[in-house]
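A.B. asks: Add 1 to the 1-based position in the sequence shown for the working numbering, that's all there is to it.
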Amino acid sequence: MFPIITPVMLNMPDLVQAGSQTRLPWPDGSVITARLVPTDAPGTALLMLGSYRLLAQVPPATPMGEVWLMLVNRQMPARFALLTDVQVLQMLAGMLEAEQNQPVKGAATRHAKAGHGGTAAALLAGAASEWPNLATAQRGDGRQGLPWNAEAAADGNTLLWYDDQDEQPRGMLHRKVDEQSFSLSGRVDLDHLGGITFTLKGTIDQQPEQAMAPEQAQQVSTRGWNLNLHTVADTGLNELRRDFADWLAEHRAGFPGMQAEINSGLPDSGPGGLTERTV
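1. Report the partner residues of valine 38 according to the DSSP bridge assignment.
2. For glutamine 181, which three-state DSSP category applies?
3. Kindly indicate which residue of Leu185, Ala42, Gly196, Arg242 has the alpha-carbon position closest to the one of asparagine 227.
4. Under 8 Å, do alanine 200 and asparagine 229 count as touching if we go by C-beta distance?
5. Between Phe245, Leu191, Arg36, Phe81, which lies nearest to proline 64 when the distance is taken from Cα to Cα?
6. Out of Asp41, Gln76, Thr45, Ala62, point me to the one whose CA is closest to proline 26's CA.
7. Buried or exposed for threonine 232, please, with buried defined as at least 16 other CB atoms from any protein chain shown within 10 angstroms of its CB.
8. By alpha-carbon positions, which one of Ala57, Arg188, Gly30 ends up nearest to proline 43?
9. Please classify leucine 161 as buried or exposed, where buried requires at least 16 other C-beta atoms within 10 Å of its C-beta.
10. On the criterion of 16 or more Cβ atoms from any shown chain inside 10 Å, does isoleucine 263 qualify as buried, or is it exposed?
11. Would you kindly work out how many angstroms separate the C-alpha atoms of valine 68 and arginine 243, rounded to a whole number?
12. Determine the DSSP secondary structure at alanine 250, reduced to helix, strand or coil.
13. In angstroms, rounded to a whole number, what distance separates the CA positions of glycine 241 and leucine 174?
14. Give the secondary structure of valine 89 by DSSP, where H, G and I count as helix, E and B as strand, and everything else as coil.
15. Please classify arginine 242: does DSSP put it in a helix, a strand, or coil?
16. Return the residue from the list Leu238, Arg176, Val59 that minimises the CA-CA distance to isoleucine 197.
17. By the DSSP assignment, the beta strand (DSSP E) with serine 31 in it spans what residues?
18. Closer than 8 Å by C-beta to threonine 45: which residues in its own chain qualify, once you throw out the five before and the five after it? Chain order, please.
19. Serine 31: buried (16+ other C-beta within 10 angstroms of its C-beta) or exposed?
20. With a threshold of 16 other CB atoms inside 10 Å of the CB of leucine 72, please say whether the residue is buried or exposed.
21. Terminal residues of the continuous beta strand (DSSP E) containing methionine 71?
22. Hey, how far is the Cα of phenylalanine 245 from the Cα of glutamine 88?
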């Protein structure tokens, strides 16, 4: 954890209201991407936080460059906690887990907008408090015609994406590759299906070097592929499985060793379950 020792803010077009310089705009507990730039003064660094430029007191051996921070106290002088990539994944997975436990929220929201009361108001109130801690100060373009904005984590192996319209988090993707195996895991929130988690795993066979036919090489390279999906959708599950089977049949010819399945209900592993799958 480190404090901002000089509450001098430069290049801040947002701060036009009187008194707005006394605190940062993000709520306490926000997970924020930022950049630390070394300075000539020992124990200090320039903290680039969106349009903010702050002088921060940092402990020895603090990594410079792109970092993950948790805002501990937004009041100036602000205080931040420096997070590791694993800690960020655990926090984000917990927030996504909280969201996936409310699969009817989207329908209730539309119900409320149509002028109906009831439990929709309570769900909306809960939704308003679930996601603000996922605010990010810097976000890459990542559009490329898709309805999401994407942001890569500092390790280069994790991708977070946000709705292009309301900037609400929609999911996360993590990859892991080593000499024997690889995995691609994550979660996506869809308006018509709710939360979906997925895991694609594969193993690399250590075969002795020898000549083999192309079809044999293909079978070796694709052996051990496993695609597993979990969905919160209760209605339309049979149709979803049928569409998934059609898609699988279309692509199985290129991946003869692939095993795949789709399951009802999200993995019963708690808030840290997704992180355990992906790191």
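Quick reminder that beta carbons are idealized off the backbone N, C-alpha and C, glycines included. Keep in mind the model is a prediction, meaning the values are calculated, not measured.
C.D. replies: Reading off the structure:
1. Leu47.
2. It is coil, neither helix nor strand.
3. Leu185
4. Inspection of the sequence shows that residue 200 is occupied by threonine rather than by alanine. Yes, they are a contact pair.
5. The shortest Cα separation from proline 64 among Phe245, Leu191, Arg36, Phe81 belongs to Arg36.
6. Gln76
7. Counting Cβ neighbours within 10 Å, threonine 232 comes out buried, since at least 16 surround it.
8. Ala57
9. buried
10. buried
11. 43 Å
12. Helix at alanine 250.
13. Reading the sequence as shown, one finds leucine at residue 241 and not glycine. Rounded to the nearest angstrom, the two C-alpha atoms are 22 Å apart.
14. helix
15. Taken through DSSP and simplified to helix, strand or coil, arginine 242 comes out as helix.
16. Leu238
17. For serine 31, there is no enclosing beta strand (DSSP E), since its DSSP letter is neither H nor E.
18. Ile6, Leu56, Ala57, Gln58, Val59
19. buried
20. That one is buried.
21. 66 to 74
22. 34 Å
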